[in-house]
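Novice: Residue numbers (full-length UniProt numbering): 1 to 266. For each residue, glycine too, the CB sits at the ideal point set by N, CA and C.
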Amino acid sequence: MVELDLVELADLTRPEQLVAEIMRQNPQMPVPVPIEEIARLAGISKIASIESTGFEGTLITNLEKSDGHIFYNSSVPRPRQRFTIGHELGHFLLPWHRQATFNCSADDLKTTKAGWELEANRFSAELLMPQALLARECSPSREFDLADVIRARDAFGTSMESTIRRIIERSELAYAVVFSHENKVRYTNFSEYFSARLTVRKDSPLPAKSLSRLGTSSMDDWNEIDSHWWLDDSKGEGALPDSLYEQTLVQDDGYKVTLLTYDPED
């Protein structure tokens, strides 16, 4: 059973502080994290889906934030709905987010620009995949692969993209992930230990000889490839490792997730 003492949350202004306190009050937090139960304990009296093509989530609240209603897009997958509920709950609990209505688009839920929407995203990601609980599934200090990411995704009820981003941002090893569609890069994420620069950026084609582009990479094994296909040393900033390793998850409608790693001491 989840508990929530709102008095202890009142003076906390950062997403990570709020989640840390929620976790402190609930040391036996179940997984998947019961996001709707937490929202109701926080003062959200209504949570409902609604058909929409123009928004992912809406929060309606009073000035005091003593009560609120959350609405989320009924047409998107359940993991995305859970993230949206967490996002709107972030607006509700973060004290400086003061307005009567928040209408949040798909772009808001993936923004990297500083501001309220990014703070709400950080809150949702942190609450749905708390560091201490995620470490049990995938420790930051050990190697992981796409099979580990899928296990964590299924355990936490989160999307593939949000799960792998969360794991990578906490990893103490050199990892990068490339999200692509129809063999064109959508965006990339890195661990802080992945110091090499990639040869690709948004809208670039996947490297011509990459196993992901050729369709010969899989998520069953790591596939070795010459590093120059993925790593850029055009500025002569340092010797590249000879090899890089990739795994690819092929999804529906031309989407792919490619995980990259190398040994910095190679």
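To the nearest angstrom, report how far apart K46 and V149 are at their CA atoms.
Specialist: Along the sequence shown, one-based indexing puts residue 46 at 46. Along the sequence shown, one-based indexing puts residue 149 at 149. Cα to Cα, K46 sits roughly 32 Å from V149.
Novice: Expressed to the nearest angstrom, what Euclidean distance is found between the alpha-carbon atoms of P140 and E126?
Specialist: Position 140 of the sequence shown holds residue 140. Position 126 of the sequence shown holds residue 126. Straight-line Cα distance between these residues: approximately 15 Å.
Novice: Below 8 Å, how does it come out for the stretch 12 to 28 and the stretch 87 to 95: are there three or more Cβ pairs, yes or no?
Specialist: Yes, the stretch 12 to 28 is in contact with the stretch 87 to 95.
Novice: Label I50 either buried or exposed according to how many other C-beta atoms from any shown protein chain fall within 10 Å of its C-beta, with 16 as the threshold for buried.
Specialist: Translated into the one-based positions of the sequence shown, residue 50 becomes position 50. Label assigned to I50: exposed.
Novice: Excluding sequence positions up to five away, which residues of its chain have a Cβ less than 6 Å from the Cβ of A120?
Specialist: One-based indexing of the sequence shown puts residue 120 at position 120. So the qualifying residues of the chain are H87, G90, H91.
Novice: Which stretch, first to last residue, makes up the alpha helix (DSSP H) that contains R186?
Specialist: Along the sequence shown, one-based indexing puts residue 186 at 186. Run containing R186: none in the alpha helix (DSSP H); it sits in the beta strand (DSSP E), 184 to 190.
Novice: Hey, how far is the Cα of residue 314 from the Cα of R80?
Specialist: In the structure as shown, the chain begins at 1 and stops at 266. Residue 314 is therefore absent and cannot be evaluated.
Novice: Hey, could you find the ends of the alpha helix (DSSP H) T84 is sitting in?
Specialist: On the sequence shown, residue 84 is found 84 positions in, with the first residue counted as 1. From DSSP, the alpha helix (DSSP H) with T84 extends over 78 to 93.
Novice: Assuming Y35 and L128 are in contact, meaning their beta carbons sit under 8 Å apart, how far apart are those beta carbons, in whole angstroms?
Specialist: Reading the sequence shown from its first residue, position 35 is the one you call residue 35. Reading the sequence shown from its first residue, position 128 is the one you call residue 128. Checking the sequence shown, residue 35 turns out to be Ile, not Tyr. The pair is a contact, with the Cβ atoms about 7 Å apart (cut-off 8 Å).
Novice: With a threshold of 16 other CB atoms inside 10 Å of the CB of M1, please say whether the residue is buried or exposed.
Specialist: Taking the first residue of the sequence shown as position 1, residue 1 is located at position 1. The residue in question, M1, is exposed, as its Cβ has fewer than 16 Cβ neighbours within 10 Å.
Novice: What residue range does the alpha helix (DSSP H) around A120 cover?
Specialist: Taking the first residue of the sequence shown as 1, we reach residue 120 at position 120. That run of the alpha helix (DSSP H) goes 116 to 128.
Novice: Could you check what DSSP says for A155 in three-state terms: helix, strand or coil?
Specialist: For the purposes of this step, residue 155 is taken as residue 155 along the sequence shown, with counting starting at 1. It is helical.
Novice: Quick check on this structure: which residue in T163, N26, D154, Y175 has the alpha carbon closest to the alpha carbon of R142?
Specialist: Here residue 142 refers to the residue found at position 142 when the sequence shown is read from its first residue. With distances taken between Cα atoms, R142 lies closest to Y175.
Novice: Using 8 Å as the cut-off, can you tell me whether the stretch 163 to 183 makes contact with the stretch 108 to 124, which would need three or more C-beta pairs spanning the two stretches below that distance?
Specialist: no
Novice: Can you tell me the Cβ-Cβ gap for S204 and K184, rounded? I've got them flagged as a contact below 8 Å.
Specialist: Taking the first residue of the sequence shown as 1, we reach residue 204 at position 204. Taking the first residue of the sequence shown as 1, we reach residue 184 at position 184. Contact flag correct, Cβ pair sits at about 7 Å.
Novice: Here's the rule: buried if 16 or more other CB atoms are within 10 angstroms of the residue's CB, otherwise exposed. What is Q247?
Specialist: Looking up residue 247 in the sequence shown gives position 247. Buried, by the Cβ-count rule.
Novice: In angstroms, rounded to a whole number, what distance separates the CA positions of E265 and T61?
Specialist: Sequence index remark: in the sequence shown, residue 265 carries index 265 (1-based). Sequence index remark: in the sequence shown, residue 61 carries index 61 (1-based). Between E265 and T61, the C-alpha separation is close to 53 Å.
Novice: Between S218, E3, F144, which lies nearest to Q28 when the distance is taken from Cα to Cα?
Specialist: Position 28 of the sequence shown, counted from the first residue, corresponds to residue 28. Cα-wise, what sits closest to Q28 is E3.
Novice: List the residues that DSSP assigns as beta-bridge partners of H69.
Specialist: Looking up residue 69 in the sequence shown gives position 69. The bridge partners DSSP lists for H69 are K46, I60.
Novice: Comparing alpha-carbon positions, which option in L259, T199, P207 lies nearest S218?
Specialist: For the purposes of this step, residue 218 is taken as residue 218 along the sequence shown, with counting starting at 1. When each option's Cα is compared against that of S218, the closest is L259.
Novice: Under the three-state reduction of DSSP, which class applies to R170: helix, strand or coil?
Specialist: What you label residue 170 is simply residue 170 of the sequence shown in a count that begins at 1. Residue state, collapsed to three classes: helix.
Novice: Since A176 is in the beta strand (DSSP E), which residue starts that stretch and which ends it?
Specialist: Counted from its first residue, the sequence shown places residue 176 at position 176. It spans 175 to 181 - the beta strand (DSSP E) in which A176 sits, taken as one unbroken run.
Novice: Per DSSP, what kind of secondary structure is V149 in: helix, strand or coil?
Specialist: Position 149 of the sequence shown, counted from the first residue, corresponds to residue 149. V149: helix per DSSP, three-state reduction.
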